[in-house]
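Position one of the sequence shown corresponds to residue 22 (our numbering), numbered consecutively onward. Using N, Cα and C, we set each Cβ at its ideal position, and we do this for glycine too.
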Amino acid sequence: MIRIFSWIGSCAGKASKTLRYSNRLAEAVQKKAEGIGEAVSYEYMTGDMLRLDYCRSCNNCFMKGKCPLDSQDDMGILKQKLLDCDILFIGSPVYMGGMSAITKNVIDRIAYWSHRFELTGKVGAVFATTSASYGSETADQLAFLARMNGVVVAHTGYATLNAGSPNLYLDEVMLPLLDAAAERLLDAWRHPDAYIDPMQEKAFTGRNYLNRRARAFHNLINTDPPDETLVCESRHIGEYPSFAAMTEAYRKAGGWAESVTGGNDE
Ligand SMILES: Cc1cc2nc3c(=O)[nH]c(=O)nc-3n(C[C@H](O)[C@H](O)[C@H](O)COP(=O)(O)O)c2cc1C
22 MIRIFSWIGS CAGKASKTLR YSNRLAEAVQ KKAEGIGEAV SYEYMTGDML
72 RLDYCRSCNN CFMKGKCPLD SQDDMGILKQ KLLDCDILFI GSPVYMGGMS
122 AITKNVIDRI AYWSHRFELT GKVGAVFATT SASYGSETAD QLAFLARMNG
172 VVVAHTGYAT LNAGSPNLYL DEVMLPLLDA AAERLLDAWR HPDAYIDPMQ
222 EKAFTGRNYL NRRARAFHNL INTDPPDETL VCESRHIGEY PSFAAMTEAY
272 RKAGGWAESV TGGNDE
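Next up, the structure:
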């Protein structure tokens with residue numbers, strides 16, 4: 022069973038055009054997967070379904086591995102969904118030239134995941150809907166942010182829904198594109214290495230350097246390094262020759278072993 026989870030950063034609920042894009046793409050994946058004998062489940066959340074506070078810049082997540090807000094709002098629910106899927110959709114409407122505030126808020130709330138490649142091994146589709154402009158720029162930024170978390174992005178798309186009827190546009194104009202996107206997503210599911218972006222290898226090298234430096238410094242002063250370094254060490258991230266090799270190992274193992282060391286909410 023391939024599990025799709027879609028986070029839609031719009032509070033328009035079922036009326037969200039970005040949700041419609043997501044639903045159409047999920048349908049296309051389901052149809053294609055049927056053809057190769059794979060079952061696909063699909064679940065989504067839109068912004069209005071959760072109560073999410075804004076990051077307070079306390080840095081507890083980077084240092085201790087926990088966000089104090091998670092026990093006070095619904096972020097824990099969303100985090101679990103993000104972790105439990107195989108294919109992750111992230112969709113945002115374009116608001117004033119970029120992603121919506123709620124989309125960015127979620128990305129900020131999981132910023133520390135990018136330091137430990139938390140979403141490694143997942144295949145991603147990112148997309149934006151817009152009435153006129155900035156669709157591709159917004160989708161590109163979503164792709165960058167997903168990749169920073171380890172996601173192998175196989176579809177970066179946008180829909181300019183200015184034809185008066187979003188459904189008509191999605192059905193008549195977008196459907197062939199979404200069909201091709203579904204093909205790529207399933208291909209990436211089988212061969213993730215072919216969809217790794219060069220920046221992911223660079224981020225991997227950079228993170229390993231920072232972890233080695235943190236380890237050396239904390240050894241010198243005889244203290245524990247931050248949680249993010251401990252987690253990377255317990256995941257043996259510094260021992261893989263490349264991001265691609267780490268992704269392959271993650272996929273073979275079926276996920277990260279439990280390695281979260283933090284425990285202090287304060
Ligand atoms: C607050 C707000 C700001 C918007 N800013 C832009 C914009 O800068 N450029 C644009 O082309 N469309 C803009 N739009 C239109 C939305 O991007 C478009 O309607 C989108 O498909 C809405 O998606 P949703 O229904 O999933 O929320 C804006 C809409 C809203 C509500």
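Item                                                                                                          : Value
Whole-number beta carbon distance between Ile29 and Asn68, since they are thought to touch under 8 angstroms  : The sequence shown places Gly at residue 68, rather than the Asn named in the question. Contact holds; Cβ gap of about 7 angstroms.
Separation of Val61 from Gln162, as counted between CA atoms                                                  : 27 angstroms
Coarse secondary structure for Phe148, derived from DSSP in three states                                      : strand
Residues that Ser288 bridges to, as DSSP identifies them                                                      : Outside the shown range of the chain (22 to 287) lies residue 288, about which nothing can therefore be said.
CB contact flag (Arg205, His176, <9 angstroms)                                                                : yes
heavy atom of ligand 1 below 8 angstroms from Pro213 C-beta                                                   : no
Candidates Tyr63, His257 and Arg24: closest to Leu40 by CA position                                           : Tyr63
Heavy atom of ligand 3 within 8 angstroms of Thr124 beta-carbon                                               : This structure lacks ligand 3; its bound ligands are ligand 1.
Residues near Gly283 by beta carbon distance below 7 angstroms, same chain, minus five either side            : Below a pLDDT of 50, predicted positions are generally treated as unreliable, and Gly283, at 48, falls in that range; the measurement from the model is reported next regardless. Excluding residues within five positions, the ones whose Cβ falls inside 7 angstroms are Lys85, Gly86, Lys87 and Asp248.
Own chain, CB closer than 6 angstroms to Ala124, minus 5 neighbours either side, in chain order               : According to the sequence provided, residue 124 is Thr. The question's Ala does not apply to it. Excluding residues within five positions, the ones whose Cβ falls inside 6 angstroms are Gly30 and Ser113.
C-beta contact flag for Leu103 and Leu140 at 9 angstroms                                                      : yes
Reference Leu109; option with closest CA among Tyr116, Ala180, Lys100 and Met117                              : Lys100
Supposed close pair Arg272, Met220 - CB separation, criterion 8 angstroms                                     : The Cβ separation is near 20 angstroms, so there is no contact.
Residue range of the unbroken alpha helix (DSSP H) whose run includes Glu158                                  : Gly156 to Met169
Contact with chain B by Tyr133, beta-carbon distance below 9 angstroms                                        : The question asks about chain B, but that chain is absent: this structure has only one protein chain.
Beta-bridge pairing of Glu64 - partner residues as DSSP gives them                                            : Phe26
Pick from Lys223, Ala160 and Val173 that is closest to His212, judged by C-alpha positions                    : Val173
Limits of the unbroken alpha helix (DSSP H) element including Tyr271                                          : Phe264 to Ala274
As assigned by DSSP and simplified to three states, the class of Val50                                        : helix
Heavy atom of ligand 1 within 8 angstroms of Leu40 beta-carbon                                                : yes
Selection from Thr250, Ala146 and Gly276 that minimises the alpha carbon distance to Ala203                   : Ala146
Helix, strand or coil at Gly56 according to DSSP, with G and I counted as helix                               : helix
Spatial distance of Ile23 from Gly276 (CA atoms)                                                              : 14 angstroms
Proximity test, Val115 beta-carbon vs ligand 1 heavy atom, cut-off 8 angstroms                                : yes
Rounded C-alpha distance that separates Gly119 from Gly156                                                    : 8 angstroms
Outcome for His257 when other beta-carbon atoms lying within 10 angstroms are tallied against a minimum of 16 : exposed
heavy atom of ligand 1 below 8 angstroms from Leu182 C-beta                                                   : yes
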